[in-house]
Every structure is written in C-alpha cells, then in structure tokens.
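With the numbering used here as the guide, the letters of the sequence shown map in order to residues 28 to 349.
Note that the Cβ used here is the ideal one computed from N, Cα and C, for glycine as well.
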Amino acid sequence: MTQRHSTQRLVTQRLHGPLVALTALMGVSAVASVVLAVIAPVEILGANGWLKPLKFSISIAIFAATIALILDTLPRRRWLWWLGTAIALLLLAEQVVIVAAVAQGSTSHFNVATAVASALYSLMGASIAAVWLLTLVLGVLVWRRRDGDPARRAALRAGIVVGLAGMGLAFLMTGPTSAQLSDFQGVAGAHAVGIADGGAGLPLLGWSVEGGDLRAPHFIGMHALQGLPLLVWGLEALVRRVPLLASVVTRTRLAWIAGTAWAGVTAITLWQALRGESIIAPSAPVATATALLAVGILIATAAVLRSPRVPEAGRRAPQPVA
Numbered sequence: 028m029t030q031r032h033s034t035q036r037l038v039t040q041r042l043h044g045p046l047v048a049l050t051a052l053m054g055v056s057a058v059a060s061v062v063l064a065v066i067a068p069v070e071i072l073g074a075n076g077w078l079k080p081l082k083f084s085i086s087i088a089i090f091a092a093t094i095a096l097i098l099d100t101l102p103r104r105r106w107l108w109w110l111g112t113a114i115a116l117l118l119l120a121e122q123v124v125i126v127a128a129v130a131q132g133s134t135s136h137f138n139v140a141t142a143v144a145s146a147l148y149s150l151m152g153a154s155i156a157a158v159w160l161l162t163l164v165l166g167v168l169v170w171r172r173r174d175g176d177p178a179r180r181a182a183l184r185a186g187i188v189v190g191l192a193g194m195g196l197a198f199l200m201t202g203p204t205s206a207q208l209s210d211f212q213g214v215a216g217a218h219a220v221g222i223a224d225g226g227a228g229l230p231l232l233g234w235s236v237e238g239g240d241l242r243a244p245h246f247i248g249m250h251a252l253q254g255l256p257l258l259v260w261g262l263e264a265l266v267r268r269v270p271l272l273a274s275v276v277t278r279t280r281l282a283w284i285a286g287t288a289w290a291g292v293t294a295i296t297l298w299q300a301l302r303g304e305s306i307i308a309p310s311a312p313v314a315t316a317t318a319l320l321a322v323g324i325l326i327a328t329a330a331v332l333r334s335p336r337v338p339e340a341g342r343r344a345p346q347p348v349a
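Right under this line is the structure:
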C-alpha cells in the first residue's frame with residue numbers, strides 16, 4: 028500500500044472532528060453541571076437550575092456523536108464537513124446561552140422579559156431550526172442510499188424520520204399561551220399543558236407529574252435516531268443464539284416494526300400531553316391506545332418470527348456485535 032493510499036484510508040476512518048470535539052466538551056459540561064448543582068445550586072422554577080445544562084449536555088453529546096457516525100457512512104464531501112461543523116457550532120451556541128442564563132439565575136427558554144433575553148431566545152430558536160433543516164438534509168442523503176446492510180439501513184431511515192418529527196415537536200412549545208397573552212410576564216411559550224411550567228416532575232427528566240408536558244414526546248421521538256440503530260445492532264448480537272435472526276429479511280422487517288412502534292409511542296405521548304395529562308397518569312383513551320399499539324406490534328413481530336428466511340444469496344450477513 029502506498030503512502031498516499033494509506034493516508035486516504037486514515038482520512039476515511041476519521042470521524043468528524045468538530046462534532047467529536049463537541050461531544051467531548053459536552054461530557055465536560057455535564058460533569059461541571061453536576062458539580063455546580065451540588066456546590067452552588069440555583070433555584071429556577073422550583074428546581075435546581077444546573078439540571079437543565081446537565082440534561083442538554085447529555086442530549087447534545089448523544090446527538091453530536093450520532094451525526095458524526097451518520098456522516099461517517101456517507102461519501103466524503105467538503106460541503107458535508109461544513110454541514111457537520113455548522114451543526115456543532117449551532118448546538119454549542121444553544122448550550123452557551125443555557126449555561127449563561129443559569130449562571131445569572133434566570134431562564135433561557137421562553138424568556139422575553141428584556142431585549143437581551145428576547146434576542147438570546149430568538150438565537151436559540153433560529154439555531155435549533157437550522158439544526159433541524161441540516162439534519163433533514165442528512166436524512167434525505169441517508170434515505171437515498173442503497174448500499175450496506177438492509178436492516179441497518181431501515182433502522183437509520185426510520186430513526187431519522189421519527190427523530191426529525193420528535194425534534195420538530197419543540198416548536199409546539201414556542202407559542203405564547205392564552206394566559207401569557209392575557210397577562211404578560213416576560214414569558215412566551217411553555218412546555219407544560221394545562222398547568223404553569225414548574226412544579227413537581229420526574230427525577231432528572233423533569234417532566235411534569237401534574238399535567239401535560241410536551242418535552243416527553245419531544246424527547247422520545249428525537250432519540251429514535253439512536254434507539255433504532257442500537258436495536259438492530261442488538262439483533263445482530265443475538266444472531267448466534269437466536270437462529271431466526273440470521274435472516275437479513277427478518278431483521279429488516281423487525282427494524283421497520285420497531286420504527287412503527289417508536290412512532291406510535293411518540294404520537295400517543297404527544298396526544299397525552301396535549302390532553303393535559305401527566306406521563307404517569309394516562310386516561311382511559313390513552314391507555315387503550317397504548318394497549319392496542321402494543322398488541323399490534325406483538326402480533327406483527329410474531330408473524331415475522333414465524334416465517335423466517337435465510338439471508339439473501341450472495342449477501343454476506345453482518346458479523347455479530349461482540
């Protein structure tokens with residue numbers, strides 16, 4: 028192998044630098060947030076303010092790492108490098124605003140009390156909208172690809188579609204509520220439905236246990252981008268122990284079933300939130316819809332597993348994950 032070919036091989040094996048750096052930086056940010064939550068707690072809306080940058084640090088780290096891995100599956104193009112770099116910078120800008128707001132004992136989201144706060148909130152909104160559009164571009168590129176393992180391709184396609192839908196749900200939180208319009212207090216937008224933001228919530232996640240919370244479907248849908256590919260890798264890891272999973276056709280069908288299930292759960296939790304119901308207290312209609320979805324997914328899964336196929340001729344099944 029010539030030195031030129033060796034260099035090219037190293038380049039193609041290197042993940043996107045700015046996104047990897049952002050992932051590492053968010054790891055540091057998460058640790059710092061935990062430390063500050065203990066030694067310098069700041070109460071904001073009844074909760075420790077440093078929990079917010081902690082959650083966003085973890086979420087941004089996971090998202091940045093995922094985008095870096097997706098870019099690694101695509102042909103090397105300079106414009107794609109800049110696309111990944113733009114995503115990294117936009118996410119970093121959002122995190123900087125969040126941390127700065129907590130350090131000042133204030134909120135970052137929905138805060139329009141002053142000209143500066145309103146400008147920063149607008150910056151965050153524009154950043155996330157841009158990230159959504161750039162991720163959509165990646166989604167189109169991934170969807171058009173025909174090479175690679177079909178099951179992995181199906182999981183990534185479904186993950187991007189559901190993930191983009193979940194990300195888009197954030198925009199439902201940005202409009203002012205009727206109460207905010209009738210009595211302006213420097214706040215425009217809310218994640219809670221039927222109650223005011225704040226109050227009792229689930230540990231770490233903070234989702235309201237008193238009313239609807241749009242953060243639940245937003246979180247669940249957004250992370251399909253990681254969950255569905257991980258599920259397929261898990262199926263590959265079980266190939267030796269579960270012969271039914273040796274068929275690429277079976278794994279591909281299971282990937283699409285999982286994508287349907289993930290989309291269904293996202294839709295149901297969105298419906299539940301819009302009804303003003305807590306994630307831990309579903310009403311009879313929501314519980315019924317959840318049960319019907321579960322039964323449908325179980326029936327579809329059983330049908331796939333009862334009619335296994337061998338891997339397609341000439342196609343090499345992926346090696347099980349160690």
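Rounded straight-line distance, which links the Cα of residue j to that of residue i
i: residue 235; j: residue 219; result: 7 Å
i: residue 69; j: residue 189; result: 35 Å
i: residue 331; j: residue 157; result: 39 Å
i: residue 324; j: residue 285; result: 8 Å
i: residue 124; j: residue 322; result: 44 Å
i: residue 59; j: residue 88; result: 14 Å
i: residue 195; j: residue 159; result: 7 Å
i: residue 52; j: residue 92; result: 12 Å
i: residue 353; j: residue 150; result: There is no way to answer for residue 353, as the model of the chain reaches only from 28 to 349.
i: residue 174; j: residue 223; result: 49 Å
i: residue 310; j: residue 304; result: 7 Å
i: residue 278; j: residue 245; result: 27 Å
i: residue 259; j: residue 67; result: 42 Å
i: residue 76; j: residue 232; result: 13 Å
i: residue 41; j: residue 108; result: 12 Å
i: residue 292; j: residue 327; result: 16 Å
i: residue 270; j: residue 96; result: 29 Å
i: residue 201; j: residue 280; result: 37 Å
i: residue 308; j: residue 237; result: 9 Å
i: residue 61; j: residue 130; result: 14 Å
i: residue 19; j: residue 80; result: Residue 19 is absent from the structure shown; the chain starts at 28 and stops at 349.
i: residue 263; j: residue 170; result: 21 Å
i: residue 98; j: residue 148; result: 29 Å
i: residue 306; j: residue 296; result: 7 Å
i: residue 320; j: residue 329; result: 14 Å
i: residue 302; j: residue 261; result: 35 Å
When the options are compared against residue i, the one with the closest alpha-carbon
i: residue 122; options: 104, 105, 55 and 96; result: 55
i: residue 187; options: 126, 228, 253 and 148; result: 253
i: residue 114; options: 294, 307 and 50; result: 50
i: residue 288; options: 147, 209 and 316; result: 316
i: residue 176; options: 87, 282 and 243; result: 282
i: residue 145; options: 267, 161 and 128; result: 128
i: residue 248; options: 240, 276, 294 and 299; result: 294
i: residue 104; options: 43, 117, 139 and 118; result: 43
i: residue 73; options: 291, 262, 132 and 192; result: 132
i: residue 116; options: 81, 170, 71 and 90; result: 90
i: residue 106; options: 135, 161, 61 and 142; result: 161
i: residue 48; options: 65, 63, 97 and 119; result: 119
i: residue 333; options: 274, 290, 306 and 210; result: 274
i: residue 2; options: 64, 280, 185 and 306; result: For residue 2 there is no data in the structure shown, the boundaries of the chain being 28 and 349.
i: residue 82; options: 211, 99 and 126; result: 126
i: residue 213; options: 280, 65 and 139; result: 139
Beta-carbon gap between residue i and residue j smaller than 8 Å
i: residue 57; j: residue 94; result: no
i: residue 168; j: residue 101; result: yes
i: residue 197; j: residue 207; result: no
i: residue 45; j: residue 111; result: yes
i: residue 239; j: residue 221; result: yes
i: residue 180; j: residue 172; result: yes
i: residue 199; j: residue 229; result: no
i: residue 272; j: residue 265; result: yes
i: residue 243; j: residue 153; result: no
i: residue 255; j: residue 192; result: no
i: residue 251; j: residue 137; result: no
i: residue 141; j: residue 71; result: no
i: residue 2; j: residue 298; result: No answer is possible for residue 2: it lies beyond the span of the chain, which begins at 28 and ends at 349.
N- and C-terminal bounds of the alpha helix (DSSP H) containing residue i
i: residue 122; result: 105–130
i: residue 242; result: 242–249
i: residue 222; result: Looking at the DSSP string, residue 222 is not in any alpha helix (DSSP H), and its letter there is neither H nor E.
i: residue 93; result: 78–100
i: residue 290; result: 275–301
i: residue 200; result: Note, residue 200: premise wrong, no alpha helix (DSSP H); not H, not E.
i: residue 308; result: It is not in any alpha helix (DSSP H) - residue 308 carries neither H nor E in the DSSP assignment.
i: residue 50; result: 44–66
i: residue 134; result: Run containing residue 134: none; DSSP gives neither H nor E here.
i: residue 184; result: 177–195
i: residue 166; result: 142–171
i: residue 208; result: 205–209
Short CB-CB distance (under 8 Å) between residue i and chain B
i: residue 307; result: This model lacks chain B altogether; it includes just one protein chain.
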